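**Q** Going by the UniProt record's numbering, the first residue of the sequence shown is number 1, and it counts up by one from there. Think of the CB as a built atom: it goes at the ideal place given N, C-alpha and C, for glycine as much as any other residue. Note that the structure is a prediction, hence the values are computed from the model and not measured. Structure in structure tokens, see below.
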Amino acid sequence: MLNIWHPQISTNLATIPGYSHRCRTKIRASQELANTSDEKNKGQPSSSAGKIKRFVLSNEGRTKLNAIPDREFYAYPRFVTHVDDGFISTLTNLYRERLRSGWEILDLMSSWVSHLPKEVVYKKVVGHGLNAQELAKNPKLDYFFVKDLNQEQKLELESCSFDAVLCTVSVQYLQQPEKVFAEVFRVLRPGGVFIVSFSNRLFYEKAISSWRDGSGYSRVQLVVQYFQCVEGFTQPEIIREIPKAGGVGEDKSPLSWIMRLFGLLSGSDPFYAVISYKNFKPIHE
């Protein structure tokens with residue numbers, strides 16, 4: 001079953017400032033989505049995910065410094081953006097280029113904003129995340145569900161039901177990325193696209209060891225390997241936009257670098273995206 005409610009907030013949503021009839025409608029629609037999925041799947045053989053050819057991470061590489069369950073860590077809503085305006089603009093332009101009007105989209109590990117172009121109308125946008133309050137405030141989502149992918153990777157969604165899956169500045173927290181990417185492969189339609197974007201910011205204590213200990217280059221290669229470990233994804237495409245170093249007055253001290261890493265000091269965030277398609281990359285006229 002899809003987890004629509006977070007146990008610590010399920011009885012208090014109506015008291016949240018700004019919690020509206022639209023939010024209640026969105027949650028009811030999400031519950032209907034879960035029920036419909038269950039009904040359609042009754043008596044039907046379960047669809048297999050993309051075949052995992054090999055596992056990328058070691059057991060140690062999956063560990064986190066903070067062992068508190070993610071549902072508890074993200075129980076309090078954070079109505080902030082975790083990257084700067086330049087990153088967001090680049091990402092929105094990428095979505096404008098790669099996603100088409102009328103598509104059905106899954107926004108994986110989402111929050112209160114999806115960074116999709118405002119002028120483009122999609123047939124359906126389904127959100128997933130760990131905080132129902134954040135998801136309920138996201139104006140782009142038609143439905144949403146709450147699920148901890150580090151506890152259970154199975155997506156209660158029909159196979160071949162989405163044209164695109166998005167994962168924005170969150171891939172660093174996945175402890176079972178191979179299984180999650182295999183599930184994404186399953187729910188994508190043939191020719192569907194999976195766009196994974198990230199920068200250098202993170203909740204350090206909740207990122208996996210293999211990500212924490214890496215560089216920008218190694219993190220890109222890690223995501224490339226996540227795609228390559230699932231049979232059927234096309235050769236990943238890499239997009240990088242790195243701010244120029246050495247600007248006037250730039251503070252190059254170790255303290256400044258650490259503060260920038262945690263988003264405590266202003267500066268341009270590097271942009272990374274890894275993109276792959278299910279089976280083939282379609283040509284759109």
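1. Determine the extent of the beta strand (DSSP E) in which Lys124 is found, giving its start and end residues.
2. Buried or exposed: where does Arg219 fall if 16 or more other Cβ atoms within 10 Å of its Cβ makes it buried?
3. Any idea what DSSP makes of Asp70, helix, strand or coil?
4. Below 8 Å on the Cβ atoms is my contact criterion, and I expect Phe280 with Thr234 to pass it. Report the Cβ-Cβ distance as a whole number of Å.
5. Does the Cβ-Cβ distance between Ser274 and Val193 come in under 8 Å?
6. Distance, Cα to Cα, Tyr141 vs Ser276?
7. Going by beta carbon distance, what residues of the same chain come within less than 7 Å of Gln175, once the five residues before and after it are set aside?
8. Based on the DSSP secondary-structure assignment, which residues constitute the bridge partners of Cys167?
9. Pick from Thr90, Phe227 and Phe87: whose alpha carbon is nearest that of Val180?
10. List the residues that DSSP assigns as beta-bridge partners of Ser276.
11. Could you give the first and the last residue of the continuous alpha helix (DSSP H) run that contains Ile88?
12. Using DSSP bridges, identify the partner residues of Val230.
13. When the Cα atoms are used, what is the spatial distance from Tyr143 to Leu157?
14. How long is the line joining the alpha carbons of Trp103 and Asn138, rounded to whole angstroms?
15. Which value, in whole angstroms, describes the spacing of the CA atoms of Arg212 and Ala164?
16. Would residue 289 be called buried (16 or more neighbouring beta carbons within 10 Å of its own) or exposed?
17. Compare the Cα-Cα distances from Phe271 to each of Lys278, Glu241, Arg201 and Ile283 and report the closest residue.
**A** In brief:
1. From DSSP, the beta strand (DSSP E) with Lys124 extends over Lys124 to Gly129.
2. Buried is the label assigned to Arg219, since at least 16 other Cβ atoms lie within 10 Å of its Cβ.
3. Look at Asp70 here: in three-state DSSP terms it is helix.
4. Sure, about 7 Å apart at Cβ, within 8 Å.
5. Rather than Ser, the amino acid found at residue 274 in this sequence is Val. No, Cβ-Cβ distance for Val274 and Val193 is not below 8 Å.
6. Tyr is not the amino acid found at residue 141; the sequence shown has Leu there. So the alpha carbons of these two residues sit roughly 23 Å apart.
7. Within the same chain, Arg62, Asn150 and Ile208 come within 7 Å of Gln175 by CB-CB distance, once the 5 residues on both sides are set aside.
8. Note: Cys167 sits in a beta bridge opposite Leu108 and Val196.
9. It is Phe227 whose Cα lies nearest to the Cα of Val180.
10. Note: Ser276 is bridge-paired with Phe194 in the DSSP secondary-structure output.
11. Residues Asp85 to Arg98.
12. DSSP output for Val230 lists Ile52 as bridge partner(s).
13. One C-alpha to the other measures close to 12 Å.
14. Going by the C-alpha atoms only, they are around 18 Å apart.
15. Cα-Cα distance, rounded: 28 Å.
16. Outside the shown range of the chain (1 to 285) lies residue 289, about which nothing can therefore be said.
17. Phe271 has its Cα closest to that of Glu241, out of Lys278, Glu241, Arg201 and Ile283.
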